[in-house]
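First up is the structure itself, then whatever we jot down about it.
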Amino acid sequence: DGGITQSPKYLFRKEGQNVTLSCEQNLNHDAMYWYRQDPGQGLRLIYYSQIVNDFQKGDIAEGYSVSREKKESFPLTVTSAQKNPTAFYLCASSGTVQETQYFGPGTRLLVL
Amino acid sequence: GIQVEQSPPDLILQEGANSTLRCNFSDSVNNLQWFHQNPWGQLINLFYIPSGTKQNGRLSATTVATERYSLLYISSSQTTDSGVYFCAVVRGSQGNLIFGKGTKLSVKP
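Chains as they are written, first to last, in my numbering: chain A, 164 to 275; chain B, -6 to 102.
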């Protein structure tokens, strides 16, 4: 069954802790993206990757890091430098950067 | 950067009614998508429509690229249509979507 999976569904972070959100796709898409959604708002781009071993910062990259070692995987790390990490995080992928983007179910990150 | 404005911000309908949601954008775009976000947060693709008109069941969309707007029509609304509808555009070669703030639709039985 093709699609995009994200885990965990809920994640709790303690002060000063780094946490990693998983995003996997089996659609054979080249491009992958991470977005952040705050309550009552649209999505904002954190990082994107057009191809394996390459990624670019989006509008709100500070306090986040990513890697793209495999085509199907694009994990996002929320570092301790991100002072306001509580949000809903959505991963997306597309065949190329100009094609339709499809979204995973999201991860809700809460700070303890 | 490009601005995306959606209207109305909130909309309450009685089941069976029709509605039109609008998306204005401030510059030319390569791509425009409409999404429905359900109460669980899942973003569901509705249309990829940089220009022209498309229909899918009770939903249809029209984008007039030269006038920088897109419209989403929902006919014979159902309670399951409730949620937030987002318009998002792509400008340039990077591919990242720029989202509006959405229209929150509530359909009452």
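Positions of the beta carbon are idealized from the N, C-alpha and C atoms, including for glycine. Since the model is a prediction, treat every value here as computed from it, not as a measurement.
Interface flag, residue i vs chain A, CB-CB below 7 Å
i: F79 of chain B; result: yes
i: G95 of chain B; result: yes
i: G85 of chain B; result: no
CA nearest to the CA of residue i, picked from the options
i: L25 of chain B; options: B:G45, B:T73, B:G34 and B:G50; result: B:G45
i: F218 of chain A; options: A:L206, A:K234 and A:G166; result: A:K234
i: Y210 of chain A; options: A:P268, A:H192 and A:S256; result: A:S256
i: L52 of chain B; options: B:V22, B:F18, B:P43 and B:S12; result: B:S12
i: A10 of chain B; options: B:N23, B:I67, B:N38 and B:S19; result: B:I67
i: F251 of chain A; options: B:R15, B:V22, B:L36 and B:D3; result: B:L36
i: E225 of chain A; options: A:L184, A:S212 and A:V241; result: A:V241
i: F65 of chain B; options: B:T72, B:K47 and B:G85; result: It should be noted that the sequence gives Leu, not Phe, for residue 65 of chain B. Cα-wise, what sits closest to L65 of chain B is B:K47.
i: L275 of chain A; options: A:G258, A:N247, A:L253 and A:P268; result: A:N247
i: S69 of chain B; options: B:R61, B:I(-5), B:G34 and B:Q7; result: B:Q7
i: F266 of chain A; options: A:E187, A:L239, A:R176 and A:L273; result: A:E187
i: Q213 of chain A; options: A:S236, A:G166, A:V182 and A:R207; result: A:S236
Distance cut-off 6 Å: residue i Cβ against heavy atoms of the ligand FMN
i: S0 of chain B; result: Ligands displayed in this structure: none; no statement on the ligand FMN is therefore possible.
Chain B contact for residue i (CB, 7 Å cutoff)
i: Y210 of chain A; result: no
i: A194 of chain A; result: yes
i: G179 of chain A; result: no
* To do: Can you give me, in chain order, the residues of the stretch 30 to 47 of chain B that have a beta carbon less than 7 Å from any beta carbon in chain A?
  => Within the stretch 30 to 47 of chain B, the residues whose Cβ lies closer than 7 Å to some Cβ of chain A are G34, Q35, L36, N38 and Y41, listed in chain order.
* To do: Using a Cβ-Cβ cut-off of less than 9 Å, give me the residues of the stretch 255 to 268 of chain A that come near chain B, in sequence order.
  => A255, S257, T259, V260, Q261, E262, T263, Q264, Y265, F266, G267 and P268
* Asked: Would the stretch 28 to 43 of chain B and the stretch 75 to 93 of chain B be scored as touching if the rule is three or more Cβ pairs under 8 Å?
  -> yes
* Are the stretch 248 to 263 of chain A and the stretch -3 to 5 of chain B touching by the rule of at least three beta carbon pairs closer than 8 Å? -> no
* Decide if the stretch 33 to 48 of chain B is in contact with the stretch 56 to 70 of chain B; the criterion is three or more beta carbon pairs, one per stretch, under 8 Å apart. => yes
* Members of the stretch 230 to 251 of chain A that neighbour chain B once the beta carbon cut-off is set at 8 Å -> F251
* Mind the definition here: the stretch 190 to 210 of chain A touches the stretch 92 to 101 of chain B only if three or more C-beta pairs lie below 8 Å; say whether that holds. => yes
* Asked: Can you list the alpha helix (DSSP H) stretches of 4 or more residues lying completely in the stretch 68 to 96 of chain B, in chain order?
  -> none
* Whole beta strand (DSSP E) runs in the stretch -3 to 60 of chain B with 3 or more residues, listed along the chain? -> -3 to 0, 3 to 7, 12 to 18, 24 to 30, 36 to 41, 45 to 49 and 52 to 57
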